[in-house]
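Notes follow the structure.
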Amino acid sequence: MRRLLWFVAAVFVFAAAQIVPASGQVIAAGDFAYTGDNGPGFWGEISPACAPTSVRQSPIDIDRVVLDQKLEPLRVIATETATVISNPGYTLVGKPDNRPTFELGGVTYTLVEFHFHALSEHTVQGQYGALELHVVFADPSLTKLAVIGVIYRVGRSNGFLQKILAAGLPEKSTSAPVTVENLNVADALTDMRSYYNYPGSLTTPPCSETVNWFVLKRWAELSQEQFDAFRKVLGNDFRPLQKRNGRVVKATPRGPF
Ligand SMILES: [Zn+2]
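In this text, residue positions in the sequence shown follow this note's numbering: the first is 887, and each later residue adds one.
Structure follows, in structure tokens:
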């Protein structure tokens, strides 16, 4: 019976991991889940980097930050474009036709995909958000990632999310992808001048420690109805908090905490 329950839970949110291979496609790297036999406590058996012995895993609680005057506004260039939303079985993934770019330290990173977690993965001074958007960019060699995280709280209706909802969320991994016409991922980014920055990892197997994280300070809002619709599809697809292990979390002086 217990196994059956785990199976049912695993079907809820399941499956493969994301890395960026030479082709630039996000591929499956093994089965994982958020509960049961393939839950986060066992991800180290799928990929060693996910084990508790690793030192720069994500997500983390954001607290005790170092203000850094040198952190510049994030430079993302994005346009309205047709965006395919698919359900790989463990999240909802968006891929814009015209890929946005992110200028970082003189290097142009290109968007790989964006996806959602419910609840949030990062917490701020112990506070969880309802949802977290991860906008994933890769450098030209596809070995370094830069991910912008946006945390949502329940409040007013969100225009960016509404465009996706209006197309109809693909509810299962077997559901056909949907296309959202004229979606601009930049509309989801709250305030690019105000963020936290720290070195971390993918939050799903293979948990590669190659991610330069940018978590925006200003939370976005979504309505209760919007949250319910996303939660129904996403389930609980957030990894538990990981140890900070002495890492410095930088923050822009601008904005709240
Ligand atoms: Zn993510």
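Note that beta-carbon positions come from the ideal geometry of N, C-alpha and C, so glycine has one too.
State the CB to CB distance for the pair residue i and residue j, rounded to an integer number of angstroms; the pair is presumed to be in contact (CB under 8 Å).
| i | j | result |
| --- | --- | --- |
| residue 1069 | residue 1112 | Actually they are not in contact, since the Cβ atoms of residue 1069 and residue 1112 sit about 15 Å apart, beyond 8 Å. |
| residue 1000 | residue 1017 | Rounded, the Cβ-Cβ distance is 12 Å, inconsistent with contact. |
| residue 926 | residue 1059 | At roughly 20 Å, the Cβ-Cβ gap does not stay under 8 Å, so residue 926 and residue 1059 are not in contact. |
| residue 963 | residue 987 | 5 Å |
| residue 967 | residue 984 | 4 Å |
| residue 932 | residue 1091 | 5 Å |
Is the separation between the beta-carbon of residue i and that of residue j shorter than 9 Å?
| i | j | result |
| --- | --- | --- |
| residue 1034 | residue 1101 | yes |
| residue 1108 | residue 1038 | yes |
| residue 1021 | residue 1040 | no |
| residue 1081 | residue 957 | yes |
| residue 1099 | residue 1084 | yes |
| residue 993 | residue 1025 | yes |
| residue 1077 | residue 1103 | yes |
| residue 980 | residue 969 | yes |
| residue 955 | residue 1095 | no |
| residue 959 | residue 1079 | yes |
| residue 948 | residue 1097 | no |
| residue 1131 | residue 941 | yes |
| residue 998 | residue 1031 | yes |
| residue 1061 | residue 1128 | no |
Would you mind sorting residue i into buried or exposed? The rule is 16 or more other CB atoms within 10 Å of its CB.
| i | result |
| --- | --- |
| residue 1123 | buried |
| residue 1118 | exposed |
| residue 1004 | buried |
| residue 1139 | exposed |
| residue 1143 | exposed |
| residue 1057 | exposed |
| residue 1007 | buried |
| residue 924 | buried |
| residue 1029 | exposed |
| residue 1045 | exposed |
| residue 1013 | exposed |
| residue 1009 | buried |
| residue 1043 | exposed |
| residue 935 | buried |
| residue 908 | At residue 908 the pLDDT is 36, less than 50, meaning the model places this residue with poor confidence; the figure from the coordinates comes in the next sentence. Per the 10 Å Cβ criterion, exposed. |
| residue 1065 | exposed |
| residue 982 | buried |
(message) Which residues neighbour ligand 1 when neighbourhood means a C-beta less than 6 Å away from any of its non-hydrogen atoms? List them by chain order.
(response) 1001, 1003, 1020 and 1089
(message) Please give me, in chain order, every unbroken run of the alpha helix (DSSP H) with length at least 4 that falls completely inside the stretch 1021-1102.
(response) 1045-1053
(message) Just to confirm the assignment: which complete alpha helix (DSSP H) runs, minimum length 4, are found wholly within the stretch 943-1018?
(response) none
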